[in-house]
Amino acid sequence: MGDSAYSFSLTTFSRTGKLLQIEYALNAVANGRTSLGICAKDGVVIATDKKLSSTLVDTDQVCKVEKITSGSGFVYSGVGPDYRVLVRKARKSSQAYYRQYAEDKPVSQLVKTTAGVMQEYTQSGGVRPFGVSLLVAGVEGDGTPRLYQVDPSGAYFGWKATAIGKVRLMESLIFLGRNAFWNYFDKQLRGI
1 MGDSAYSFSL TTFSRTGKLL QIEYALNAVA NGRTSLGICA KDGVVIATDK KLSSTLVDTD
61 QVCKVEKITS GSGFVYSGVG PDYRVLVRKA RKSSQAYYRQ YAEDKPVSQL VKTTAGVMQE
121 YTQSGGVRPF GVSLLVAGVE GDGTPRLYQV DPSGAYFGWK ATAIGKVRLM ESLIFLGRNA
181 FWNYFDKQLR GI
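As structure tokens, this is what we get:
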């Protein structure tokens with residue numbers, strides 16, 4: 001009996017100690033388009049590869065970078081419809097926060113809320129884990145720029161720079177971590 005006998009349940013570990021539904025979600029991310037984020041002193045940049053499957057596709061209708069609040073946004077790699085569900089939930093949560101406090105939700109709280117939703121889908125019946133990883137860019141209440149990555153499991157991490165999707169992740173991180181890159185990036189960002 002192989003691991004496929006364990007793949008029907010969200011919370012049943014396989015004989016190798018893996019939650020296969022999470023593995024499937026991570027595979028969807030690994031096969032998704034490349035997205036990256038870079039956090040500088042004065043702001044955050046998120047970008048993505050927007051290759052289209054056909055020249056007939058209306059490029060204005062394909063949105064991979066979404067504004068959540070006036071000071072935060074998402075980009076993703078993975079399954080598009082799952083991303084749209086998370087964007088809608090994040091916007092609703094941010095609007096509720098704004099109605100109560102008359103200010104935008106800080107990006108750290110936005111990340112915690114979104115990660116909580118993603119984690120809940122790893123253990124609830126009748127649903128499956130989201131097949132996306134998110135890069136969340138934004139500013140805190142004090143104006144400090146932040147960049148976070150949220151994985152399908154609901155785990156989240158703060159980054160100075162990172163990439164997700166169909167890339168050689170370690171090579172991308174090594175490139176982003178080089179001092180020469182940071183010096184070049186800071187000079188270019190000041191010129192914008």
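With full-length UniProt numbering applied, the sequence shown closes on residue 192, and no number is skipped along the way. Yeah, the Cβ is synthetic: ideal placement off N, Cα and C, and Gly gets one too. Everything numeric in this text was worked out from a predicted model, so none of it was measured.
Count the other C-beta atoms from every protein chain shown that fall within 10 angstroms of the C-beta of residue i, then say buried if there are 16 or more, exposed otherwise.
i    : result
M1   : Since pLDDT at M1 reaches only 45, below the 50 mark, its modelled position is unreliable, and the value read off the structure follows with that caveat. Looking at its Cβ environment, which holds fewer than 16 other Cβ atoms inside 10 Å, M1 is exposed.
Y83  : buried
R146 : buried
V127 : exposed
From which residue to which residue does the alpha helix (DSSP H) around residue i run?
i    : result
Q21  : 20-30
S108 : 107-120
Kindly indicate the opening and closing residues of the beta strand (DSSP E) around residue i.
i    : result
Q149 : 145-150
S53  : Per DSSP, S53 belongs to no beta strand (DSSP E) and is neither H nor E.
T48  : 44-48
V139 : 132-139
T162 : 161-164
C39  : 35-39
G158 : 156-158
Note down the Cα distance separating residue i from residue j, rounded to an integer number of angstroms.
i    : j    : result
G32  : G78  : 4 angstroms
K112 : E103 : 17 angstroms
S14  : Q123 : 15 angstroms
K41  : L52  : 33 angstroms
P23  : K92  : In the sequence as displayed, the identity of residue 23 is Glu instead of Pro. Taking the straight line joining both Cα atoms gives about 29 angstroms.
G165 : R99  : 35 angstroms
F157 : V57  : 34 angstroms
Y121 : N27  : 17 angstroms
K18  : V75  : 27 angstroms
V85  : T16  : 31 angstroms
So residue i packs on residue j, CB below 8 angstroms; how close in whole Å?
i    : j    : result
V65  : G73  : 6 angstroms
P106 : S133 : So it is not a contact: roughly 21 angstroms between Cβ atoms.
M118 : V150 : 6 angstroms
(message) To test your reading of the DSSP string, which unbroken beta strand (DSSP E) runs of 3 or more residues are found completely within the segment 69-96?
(response) Counting whole runs of 3 or more residues, the segment 69-96 contains the beta strand (DSSP E) stretches 72-78.
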